Structures are given as C-alpha cells and as structure tokens.
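Worksheet: the structure to be examined is printed underneath.
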Amino acid sequence: MVTSIHPLADEWTDDYALFKIEHDRVGYSRPLWHFLADCRASGIRPVLLTGPGAVISPQLYTAMAESAAHWAFVDDGRVFDARSGVRLRSISDLWMPSLETPKRHPGAAPGETAVPALLFDVYASERATDDTLVGPLVDFVVGGLSGGRVARWGRNEPLSGSWDHRAVTAEAQRLMPASDAMLAASDLGAWASLTVARTRDGLIQRVHGGVPLLTLSAVPVDQLRDRVMPHITTMLTGLVEGFRPRVALISAGLLRTDGSGYGFRVGAQPVDAPLAVLVGPRAVRDLRIDFAALSATHDVTVLGPGRVPSALVRMTGRTPLWSQLHAFAYDLDQERLGAVLANEFRGAL
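Reminder that position 65 of the sequence shown reads as 121 in the working numbering, one-by-one numbering, no gaps.
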C-alpha cells in the first residue's frame, strides 16, 4: 500500500520505493541519483521498473548494486523480476519469493552477452598536500587496462564535463570529509567512479569501474584470462611503482552492446570471475604474509621494495577462479583478512 507521496518515486511505501522508466536506454540520471540517495537515507528498498528491452548503463548498474536496488520489468501488463525472469504477484516477491512454482518470462532466460569486460576495484592512499590532485589514479587504471583516454566526468549521466584533474579535485575538496561518487568515462567506453575520503594520515581513493573489450568478443571464454593477464600484471605492477595502493581486485565480466553503448539487459548475469588481487604494503604487514608459504599453493609475485612489499596474486591454473580466491583468503586467515580489509576500506565506501 502506498503510504506517502514522493517527488521522484512513482510509489513510496513502508517497504519500497518504485521508479518507473519508460525509455529503453537507461543512464544514471540526476533524478535516479536523487531517488537512490533518498532510498539509502530512508532505509527503503529501491525498485526500478523498466520495459523488457531496457539497457541499464554500467554506472547505474553499479549504483543499483551499492544501493541494494531491485530491478523489475513490465511486459503486456505483467511484471517480472528482471534478473530471474520470474513473474511477480507483487513487488515484494523480489525479496520474498513466492513458494509457488514460478512462471517465467520466455525472453528472460540466461544467455551469453556480447562483450567481455575487465572490472576493477582499486583503493589507494594519497598524501593531502596543497598540490595533491585526484584523477591521475583513474587515468592510470583505465589506460593500463586498455580502456583509452578518460574524456568526460560528472555527478550523473550524461557526463557533461571535460575530464580535468583540478576540477575533479575541487569537487572532492568541496565534499570532504567524504565525497560522493564522481563518475568518469573514456573515449572507448570504459567507465569509472571515484570517491575520496579523508583519513588520519591523508586521503584514500577508491576507483571502481570497468573496461569493455570489444576486440576480444570472439575469444573463447576459456582463453580470455590468458589474453588479458599480461595487461593486468603490467597495470598492477605500475600501480605499485607509481601510487600507494592498499587493495585492488581485477575481475572479468560480460556486457551487452547495441552499437551505441554498453550496458546490462534483462536476464541473468553471469557471476564476475576474479582474475587478480593486489595486497598493498600496509595490508601485507598487518596480515604478516609469508610469501614463501603462499607461493607454494598460489601464483604470488612480490612487487615493490623489499622493506615494504606488495603481493600480487593471479588466478591461474585449472582450478575454478572463485575457488582459488577463497583458498587464498583461507590461507591468510579469513577473520584477520576481514578485519584488515574492513580497516583498509573504512571511509572509502
């Protein structure tokens, strides 16, 4: 039952807020930015309702995930879960599924998407001085993964500002002690979000996004890892040499494209596959990593100077990728790893 009126939501109840979208190409617009922010502040589940042909931009898809948003679509007067294709009797079926045998939309079966992508999530420290600029980290990660030149930025889509480190830095300063996500895009379709937060000893930046690999669309899935691993290794090695990384994770995902952009369509999405993890010097110290012991069971490379090393762990071999990542976390002691990573990420989420 609708309990209140909201200037953006089409429905606002005690349990959820609903935002209806009539067009097929759906970006992270200013109204959607405010809608998701209001839902987070109110503790209400956000629900986006689209048509069956909608393509959600990577920036919006990321924001939905971070807001725990649900996605439904309507076709011929019936409403379905956009990820599973299950018909919904009510919106609450999205988080409390019915026990009845589900009826599925015929066009929502899982299928291969067209374009592989490298997904990145990088946390790095920075000294806070008068000449500190934020933005170079975005350039380095996107460019290092073959994403091209970062060209545009903004708080929401469409991105209207020309990429400029000083302008981005000024916006981050204005939003301190912790910025909202500032969005960026390259001339080759890569996307990134940048958040900056003040810490006791400077700044911490989070750069999160992806690089579509259109030229590798025809490469078999089982060969993709070997094709991209040299670029990943080079980028993460350079990250240690030129920045102060804390933690970085590189994964492989899949997108769709219609020739005018990349995004996510109705239907089940394959789980992202981890490819490499970089553990920075501070976490190496706090975790008391034994490189010799880890190297016996994992593909571990020591990067950086001997007194403050970083650990690069690549998911290689025939063992399933998530199994390798889980085994690595287990070998490090999962409780200690969780505590260290929580400390690393604090203030940057």
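Every residue, glycine too, gets a C-beta built ideally from N, C-alpha and C. Treat the numbers as computed from the prediction; the structure is a model and nothing was measured.
| Check | Outcome |
| --- | --- |
| What's the call for phenylalanine 176, buried or exposed, on a 16-neighbour Cβ count within 10 Å? | buried |
| Tell me which residues share the same chain as leucine 305 and place their Cβ nearer than 6 angstroms to its Cβ, disregarding the 5 neighbours each side in the sequence. | Asp177 and Val333 |
| Suppose you measure from the CA of tryptophan 89 to the CA of arginine 312; what does that come to, to the nearest Å? | 23 angstroms |
| Between the Cα of alanine 228 and those of Ser242, Thr251, Leu280 and Trp209, spot the shortest distance and give me the residue it belongs to. | Thr251 |
| Beta carbon of glutamate 213, beta carbon of glycine 83: below 8 angstroms? | yes |
| Would you call histidine 79 buried or exposed, if buried means 16 or more other Cβ atoms sit within 10 Å of its Cβ? | exposed |
| Could you give the DSSP three-state label for aspartate 177: helix, strand or coil? | strand |
| DSSP three-state label for aspartate 70, please. | coil |
| Here's the rule: buried if 16 or more other CB atoms are within 10 angstroms of the residue's CB, otherwise exposed. What is methionine 152? | exposed |
| Work out the CA separation of leucine 105 and proline 276 for me, nearest whole Å. | 34 angstroms |
| Using the Cα positions of serine 242 and aspartate 70, report the straight-line distance between them to the nearest angstrom. | 40 angstroms |
| Quick one: does the C-beta of glycine 315 sit closer than 7 angstroms to a heavy atom of the ligand MG? | In terms of ligand content, the structure shown is empty, and the ligand MG therefore cannot be addressed. |
| Note down the Cα distance separating leucine 116 from alanine 348, rounded to an integer number of angstroms. | 42 angstroms |
| Rounded to the nearest angstrom, what separates tryptophan 378 and histidine 287 at their Cα positions? | With a pLDDT of 49 at tryptophan 378, under the threshold of 50, the predicted position of this residue should be treated as unreliable, though the coordinate-derived value follows. Roughly 21 angstroms between the two C-alpha positions. |
| Going by DSSP, what residues sit across from tyrosine 318 in a beta bridge? | Thr313 |
| Quick one: what's glutamate 227 bridged to in DSSP? | Answer by DSSP bridge pairing: none, since glutamate 227 is not bridged. |
| How do the segment 254-267 and the segment 184-197 stand: do at least 3 beta-carbon pairs fall below 8 angstroms, yes or no? | yes |
| Assess, as a yes-or-no matter, whether the segment 292-306 is touched by the segment 205-220 under the definition of 3 or more beta carbon pairs within less than 8 angstroms. | no |
| Which of the three DSSP states, helix, strand or coil, is assigned to leucine 269? | coil |
| Here's the rule: buried if 16 or more other CB atoms are within 10 angstroms of the residue's CB, otherwise exposed. What is arginine 230? | exposed |
| Quick check on DSSP: helix, strand or coil for glutamate 182? | strand |
| Cβ atoms of proline 114 and tyrosine 318: under 8 angstroms apart, would you say? | yes |
| If we require 3 or more residues per run, which beta strand (DSSP E) segments fall completely within the segment 196-249? | 206-210 and 238-242 |
| Give the straight-line distance between the Cα atoms of alanine 119 and tryptophan 68, rounded to the nearest whole angstrom. | 19 angstroms |
| Going by DSSP, name the residue or residues bridged to lysine 159. | Paired residues: none, contrary to the question. |
| What is the DSSP secondary structure of tryptophan 127, counted as helix, strand or coil? | strand |
| My assumption, with CB atoms under 8 angstroms, is that valine 340 sits in contact with aspartate 355. Please give the rounded CB distance. | At roughly 16 angstroms, the Cβ-Cβ gap does not stay under 8 angstroms, so valine 340 and aspartate 355 are not in contact. |
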